[in-house]
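One structure is given below, encoded as structure tokens.
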Amino acid sequence: MQMNLLKIAFFASVASAQQVKFTLYEHSNFGGASHSETKNLGSDCWNLNGKGDTASSVKNLGTCTTFFRERDCQGANWQQVGDAATVPDFLNDHIWSFRNQCCDGGARARCNLACGTSCVAAGPQGIEACLDGCIGGCSRAYDCA
Numbered sequence: 774m775q776m777n778l779l780k781i782a783f784f785a786s787v788a789s790a791q792q793v794k795f796t797l798y799e800h801s802n803f804g805g806a807s808h809s810e811t812k813n814l815g816s817d818c819w820n821l822n823g824k825g826d827t828a829s830s831v832k833n834l835g836t837c838t839t840f841f842r843e844r845d846c847q848g849a850n851w852q853q854v855g856d857a858a859t860v861p862d863f864l865n866d867h868i869w870s871f872r873n874q875c876c877d878g879g880a881r882a883r884c885n886l887a888c889g890t891s892c893v894a895a896g897p898q899g900i901e902a903c904l905d906g907c908i909g910g911c912s913r914a915y916d917c918a
């Protein structure tokens, strides 16, 4: 029993520190200069400090990110999973902040689907562990306050 509690505590600590990476691109279809961010999954808000001023497309690895038009995760926003060859017009060249968390069941379903697609590459031996980690990340991302 004690070993199970230790395992649970370990996995909980690893899950709470899960990193998420996305890359913003200057042009649509992932062209031009790029800027990558790797931050923790969760409700923390991160300002881009001008690095989203030229963003027209985004590749998002692993979970759902909410991008905001204003600093400090304020203003109009867009929840995004996976790759987007273009960003919505209201955010084009104007992404100011983000958080690696969303509160949208549809986006969570797309995240889970992306997990299934990406975990196939892990092969028969690794797919279960990959899905557990990836889908668990999707679940945590949608635990919005």
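Per the working numbering, the very first residue in the sequence shown carries number 774; after that it's consecutive.
The beta carbon of each residue, even a glycine, is placed where N, CA and C say it ideally should be.
Since the structure is predicted, the reported quantities are computational estimates derived from the model, not experimental observations.
With DSSP as the reference, label residue i as helix, strand or coil.
i	result
GLN791	coil
CYS837	strand
LEU886	helix
SER830	strand
LEU797	strand
How should residue i be labelled, buried or exposed, when 16 other C-beta atoms within 10 angstroms of its C-beta is the threshold for buried?
i	result
SER829	buried
GLY910	buried
PRO897	exposed
VAL893	exposed
LEU797	buried
ASN802	exposed
Smallest Cα separation from residue i: which of the options?
i	options	result
PHE863	ALA806, LEU886, GLY825	GLY825
HIS800	SER870, LYS832, CYS888	LYS832
THR839	LEU814, GLY906, LEU904, GLY889	LEU814
SER891	ASP817, VAL854, LEU821	VAL854
PRO861	GLN792, LYS794, PHE841, ASP845	PHE841
SER809	CYS903, PHE871, ALA895, GLY899	PHE871
CYS837	GLY889, VAL793, ALA902	VAL793
HIS867	CYS888, ARG844, ALA858, GLN852	ARG844
ASN822	GLU901, ASP856, LEU904, CYS846	CYS846
Could you spell out where the beta strand (DSSP E) holding residue i opens and where it closes?
i	result
ALA857	847–857
ALA806	804–813
ARG872	870–872
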